[in-house]
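Protein chains: 2
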Amino acid sequence: MTEVRISLVGYGVVGHGVVEVLERKRQLMGEIGLDLTLVSVTDHTGTYLAPDGVVAKDILDHRTLEGVANSDMAAREVFGSIDCDLVVEVTPTNIVHGQPGLGHMVDALSMGKHVVTSNKGPLVVDYRRLKDLARKNDVALKFEATVGGTMPLISLIERTLVGNTILGIRGIFNGTCNYILTRMAEEKYPYNHALTEAQELGYAEADPSYDVEGVDTAGKVAILANSIFDMDVKYGDVEVTGITGITPESLILAHKRGYAVKLIGEVPALTVKPMLVPLGSPLAVGSTLNAAAIYTDLSGTITVTGLGAGRIETASAILSDIVSIYRGNHVDAQRS
Amino acid sequence: MTEVRISLVGYGVVGHGVVEVLERKRQLMGEIGLDLTLVSVTDHTGTYLAPDGVVAKDILDHRTLEGVANSDMAAREVFGSIDCDLVVEVTPTNIVHGQPGLGHMVDALSMGKHVVTSNKGPLVVDYRRLKDLARKNDVALKFEATVGGTMPLISLIERTLVGNTILGIRGIFNGTCNYILTRMAEEKYPYNHALTEAQELGYAEADPSYDVEGVDTAGKVAILANSIFDMDVKYGDVEVTGITGITPESLILAHKRGYAVKLIGEVPALTVKPMLVPLGSPLAVGSTLNAAAIYTDLSGTITVTGLGAGRIETASAILSDIVSIYRGNHVDAQRS
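For the record, the sequence lines run as chains H and R. Numbering-wise (my numbering), the first sequence opens with residue 4 and increments by one. Numbering-wise (my numbering), the second sequence opens with residue 4 and increments by one.
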């Protein structure tokens, strides 16, 4: 049995999901030889230390750690003072400066701890530096959850399509945009009406610009370019057009001619824009789904579809990354 | 560098693909630390032995090994007399008695050699025995290419969705049926007309019953039930309805109401039958595509789509299985 001591940084929606999933999957993990123990949780209000393992029910009902924290240590102090092997970083994304996640990741990797994250910001802002730090300290940096949520994409390419050369990836990486475009096409709603519906259902934020202007998708394109295509891309290198200018009339016309309109991110082309995809083709999926078509030299086109977000779904992608580190799938280590 | 000495048994369409792909990917495999050397090729006419490695161009232009073989050894004698670590079994499928593949696999596993195959027959007829033999001899039995060709399904579940409990799988596992149903819906063709077109294009056999009666799909359902759900299922345990009774009128009516009709195999339900799937949902893909929706407890529904057949595509799935054995992904070994 391999013991893995985990520090969690960030205790929002995804953080709660991670605590819940680690608890639910304790037995299954034991069956594959992994004893995953959550030894600390840190948010902006403080740290909850539990060297023998966090008991999920003691903290899950609390929205933040306020009143639960038994220490005022910040993440860096936690990594330096307690016995932990791996850091799960799930603080909020900022794609301009990457903080506070970037600092947490630099600290953790420098101290020889594996990092698993759902936080896009640090990877968009400073991917190369983080990857080099991981290599230098012989630890893993895993981020499946940053692109397409629970939809397996990076791991699918690294582990399952390993004999292939990847020629390109084209995908729907934002569930909010997909929902709005789907409803505009189905119900002939104008853009603003579909957006309001998405907001009422919790699929879109009060300020939706991050999603509908294509910013979120562009961040994912940058991460794929850096990780799969070994490029050195920042957010500003991606050419972006959002969905705010699309009319229901154009969607209806496209549908009549056998096409759906989707907001598509493309690598290595580094573009985000509304594109026509043939109805009945694997990218023509509706609702809040994400999808990615992977173009390969041997296997043709492989498409994968799944939910792009969700508390438990994102935590599941994080769990899968953790398992892969300890089951010999750590690509960098293997390749060296 | 790990040297892997490979014996290939079966030299039809897929066998040729394997020879070609091993040659094309020699350098890439070297970069990940694998020296894959093909040391023998056997078909019903004899064996071509090349202890220093088969040179692809020496045999690729020959449809069989007749006139090329330098030995009359059968597969079993080859395994017993030459230095090889892994057998790729790609003889034609027979889902009644599983031969000759079943004998080849039993021999190879008993002699302590890993087996990678695209041959459904042996796995439908005697899965339990083969898996036990592999376990007893501490070798791997890998068969991604048997279900959905190049579409990653078994490996996706074993490697990427590892934290999940798999609740069920529902999929399109036969490209011939999907092509026929797609053309009937698109062009309002009657069944026989669409079948003839598929035969002319090489998508359907002269005797199409194996595909259109659902036999092929049922074999794949049995393999998934045995491998993913740990059941003990034979072909006869699957309830099967094919597509020969479907009319274009029913497809058009379904389309008007927002559905496509697909031949769907389902596990653990053990059924194969035409079913309605909503247009715009991930299983509503056309042409010769295969697709599988994987229902999980944590990640929701993940759907994967790809080409179900093809020489290079199938060989690519075989290569991916080979790599997984030597990169620590051998699940049985890891779990013990």
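The C-beta atom is built at its ideal place from N, Cα and C for all residues, glycine as well.
Please classify residue i as buried or exposed, where buried requires at least 16 other C-beta atoms within 10 Å of its C-beta.
i: R:Lys123; result: buried
i: R:Thr250; result: exposed
i: R:Arg131; result: exposed
i: H:Gly49; result: buried
i: R:Thr5; result: exposed
i: R:His333; result: Interpretation of R:His333 is limited by its pLDDT of 35, a score under 50 that renders its predicted location unreliable; the figure taken from the coordinates is listed afterwards. Buried is the call here.
i: R:Pro193; result: exposed
i: H:Arg66; result: exposed
i: R:Asp219; result: buried
i: R:Ile62; result: buried
i: R:Lys342; result: No answer is possible for residue 342 of chain R: it lies beyond the span of chain R, which begins at 4 and ends at 339.
i: R:His100; result: exposed
i: H:Asp210; result: exposed
i: H:Val17; result: buried
i: R:Ser212; result: exposed
i: R:Glu252; result: exposed
i: H:Leu204; result: exposed
i: R:Ile255; result: exposed
i: R:Pro54; result: exposed
i: H:Gly222; result: buried
Mind pulling the chain H residues with CB within less than 9 Å of residue i?
i: R:Gly303; result: Thr153, Gly309, Leu310, Gly313, Ile315, Glu316 and Ser319
To which residues of the same chain is residue i closer than 8 Å at the C-beta, ignoring the five residues directly before and after it?
i: H:Asn293; result: Gly151, Gly152, Met154, Gly174, Ile175, Phe176, Asn177, Gly178, Asn181, Thr308, Gly309, Leu310 and Gly311
i: R:Ile305; result: Leu159, Leu164, Ala296, Ile297 and Thr299
i: H:Glu189; result: Gly289
Against chain H, does residue i count as a neighbour if the rule is that its beta carbon must be under 8 Å from one of theirs?
i: R:Pro285; result: yes
i: R:Ser158; result: yes
i: R:Ser121; result: no
i: R:Arg162; result: yes
i: R:Val16; result: no
i: R:Val93; result: no
i: R:Val24; result: yes
i: R:Thr306; result: yes
i: R:Ala221; result: no
Between residue i and residue j, which are expected to be in contact by the criterion C-beta below 8 Å, what is the C-beta distance as a whole number of angstroms?
i: H:Leu322; j: H:Val24; result: 6 Å
i: R:Glu26; j: H:Gly303; result: That pair is no contact at about 19 Å.
i: H:Thr244; j: H:Pro277; result: 7 Å
i: H:Val119; j: H:Leu136; result: 15 Å between Cβ atoms; not a contact.
i: R:Cys87; j: R:Arg162; result: 26 Å between Cβ atoms; not a contact.
Could you list which residues in chain R have their beta carbon closer than 7 Å to that of residue i, in chain order?
i: H:Asn167; result: Ser319
i: H:Val280; result: By Cβ distance, chain R contributes nothing, its closest Cβ being about 11 Å from H:Val280, past 7 Å.
Please return the same chain residues whose Cβ sits closer than 7 Å to the Cβ of residue i, not counting the five positions on each side in sequence.
i: H:Pro281; result: Gly261, Tyr262 and Ala287
i: R:Ile160; result: Ile169, Ile231 and Ile297
i: H:Gly166; result: Leu301
i: H:Leu227; result: Val150, Ile172 and Val270
i: R:Ala59; result: Val22, Glu23 and Glu26
i: H:Asn73; result: Tyr51 and Leu52
Is there at least one Cβ from chain R nearer than 8 Å to residue i's Cβ?
i: H:Gly289; result: yes
i: H:Leu322; result: yes
i: H:Gln337; result: Bear in mind that the predicted position of H:Gln337 carries a pLDDT of just 32, short of 50, making it too unreliable to give a figure here.
i: H:Lys28; result: yes
i: H:Val142; result: no
i: H:Thr45; result: no
i: H:Val326; result: yes
i: H:Met4; result: no
So which residues on chain R does residue i lean against when the C-beta distance must stay under 8 Å?
i: H:Leu126; result: Residues of chain R passing the Cβ test: none, with the nearest at roughly 19 Å.
Excluding five sequence neighbours on each side, which residues of the same chain lie with their C-beta closer than 6 Å to the C-beta of residue i?
i: H:Gly289; result: Thr185
i: H:Glu147; result: Ile157, Ser158, Ala320 and Asp324
Does any residue of chain C have a CB that is nearer than 8 Å to the CB of residue i?
i: H:Ser302; result: Absent from the structure: chain C. Protein chains present are H and R.
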